[in-house]
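Those letters in the sequence shown? Residues 1371 to 1852, per our numbering, in order. Backbone N, C-alpha and C define an ideal beta-carbon position, used for all residues, glycine too. Inspection log for the structure reproduced underneath, given as structure tokens.
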Amino acid sequence: MNKTIRRASVFALLLVLALLGRATWVQAYEGKALANEKNNRRKVIAQYAEPLGNIVVAGSPVTGSKETKGGDLAYKRSYTDGELYAAVTGYSSQAYGATQLEGLYSGVLDGTDTRLKNPVDAITGKRAKPGTVVTTIDPAVQKAGYEALGSKKGAAVAIDPKTGRILGMVSTPSYDPSRIAGLTDGEEWRRLTEDEDKPLVNRALRQPLPPGSTFKLVVAAAALEDGLYGSVDTATESPDPYTLPGTRTVLRNENASAPCENATIRTALRYSCNNVFAKMAVDLGQDKVKAMAERFGFDDKELDVPVRAYPSVYPSGMDKAQTALSGIGQFDVTATPLQMAMVSAAIANDGLLASPHMVSQVVDSDGDALQSYEDGDTERIVSSGTARQLRSAMKTVVDDGTGSNAAISGVEVGGKTGTAQHGENNSKTPYAWFTSYAKDPATGKEVAVAVMIEDSGAARSEVSGNGLAAPVAQKMMRAALK
């Protein structure tokens, strides 16, 4: 063979081998990445070629699939009572992706999750029948919270203290996910994303704000567990007014006539005495308060329910004046309604915190479980004695104190109000908080609820945890105990 021809043949062979190698690499190693590429139109076409699986509440789907007319996407997502359940489901949009449970379980819902495939499907690549996501949401609790919040900007979470099941999760203002499910919903998408009230934000999980006086429960728990005070009825060493350490700033109480000087923890919670808990936080020191906050769930960056919640924060590196402010849920302390519901749930459950979750099972088309979330997966946060004393003090808040609007006849109800100042020189309208528990002695049912009102439109002087947030909690607790 001619030497030149031989060299050309070898070179051609190398080119062929290179092409084969590249093709093998793309198909074997890069295929999955290319298939999942967000700009890959074929992925979206395949996702919406068949009806999606459903998200279920109390045995009934709150999602569906609607056949489209024209275009290459055969179906789009639809929702039953979309605004009511948006904080639970999130959205699944042909144009804007998916969030919340829709996003977390997209593979199960569109049939691409490998756990759904039988051996033949795995070989042929055939799409499996979609699965179902079964939630723990109680529709009566959800509806009670949504209607009670109404036009207010805020959020609420209800938890079964014994099991950790999330019975209700509401965020307002809400939105209808059906209105952004298609490819031609750009105007509605712009309206939602440009809205100053941020309806797409799940305030229950993903907007930590200063918790105000509801955080006093955490400080009280730290003081009792540490032995700083022997009981909720032991007098504290708390001057009134209290000057923040190292400053000339005097911390006063909302009710100037309240008996807050050297008040017991019970009295201090009843009247929400700032001087008592600010001084208590300083006496304990920020490390002990932080340790207790973290036991309740603060600073947890991996709190999944199973949707990941933004961490609630108890700060570090504070001076004594800042530590004092942290003791009343101010300075840089932030919390979500989920977090404050967890505080009340642990106290209600004898000091044990059951892992909160809003999904009970993920199942395939035959109803066989692919994934289960256990009820009652608990961790001890405080002793049984501390929890019992805090419940007693919280009950006093509702029976004889600042939380009277949460009372339910014939039911043990305990709570804590909060009004969180914010803005430069506290110039903005405060946030109104309420966290609580309820126990029905007749049925044994229990529930813990936290409510945050970010803005109600009320005048600053009318903003209070008891006036705005407690009625929402009361309605959700009543619904849960029926």
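Here the C-alpha atom of D1669 lies approximately 14 Å from the C-alpha atom of V1713. A distance below 8 Å separates the beta carbons of V1817 and M1847.
With a cutoff of 8 Å on beta-carbon distance, R1761 and G1784 are scored as near each other. Under the three-state reduction of DSSP output, I1698 falls in the coil class, being neither helix nor strand.
The C-beta distance from Q1791 to Q1700 rounds to 7 Å, short enough to fall under 8 Å. Contact between the stretch 1645-1655 and the stretch 1607-1618 is established, with three or more Cβ pairs separated by less than 8 Å. DSSP places V1752 outside both helix and strand once states are collapsed to three, so it counts as coil.
The criterion of a C-beta distance shorter than 8 Å is not satisfied by A1711 and L1723. Secondary structure in the stretch 1501-1533: the beta strand (DSSP E) runs of 3 residues or longer, each lying completely within the stretch, are 1502-1505, 1523-1529 in chain order. The criterion of a C-beta distance shorter than 8 Å is not satisfied by G1481 and P1509. Under DSSP, P1431 takes part in a beta bridge, and its partners are V1426.
Here I1550 is near S1463, since their CB atoms are less than 8 Å apart. Straight across, the Cα-Cα distance linking V1768 with T1484 is about 51 Å. Around the beta-carbon of G1440, fewer than 16 other beta-carbon atoms lie within 10 Å, marking it exposed. The Cβ-Cβ distance between A1592 and K1658 falls below 8 Å.
When the alpha-carbon of V1478 is set against those of A1528, V1432, D1451, Q1417, the nearest one is in Q1417. For R1447, there is no enclosing alpha helix (DSSP H); the residue is found in the beta strand (DSSP E) stretching over 1445-1449. E1749 counts as exposed, since fewer than 16 other beta carbons sit within 10 angstroms of its beta carbon. Within the stretch 1711-1786, the complete alpha helix (DSSP H) segments of 4 residues or longer fall at 1754-1770, listed in chain order. The C-alpha of F1585 lies about 38 Å from the C-alpha of T1502.
DSSP places M1688 outside both helix and strand once states are collapsed to three, so it counts as coil.
Sequence-distant Cβ neighbours of N1488 in its own chain, meaning closer than 8 Å and more than five residues away, are A1498. As a beta-bridge residue in DSSP terms, S1806 pairs with G1785, V1819. Taking a contact to require three or more Cβ pairs closer than 8 Å, the stretch 1561-1579 and the stretch 1669-1682 qualify as touching. The Cβ atoms of D1734 and L1486 lie closer than 8 Å to each other.
Listed in chain order, the non-local C-beta contacts of A1468 below 7 Å within the same chain comprise G1460, Y1461, S1462, S1476, local neighbours out to five positions each way being set aside.
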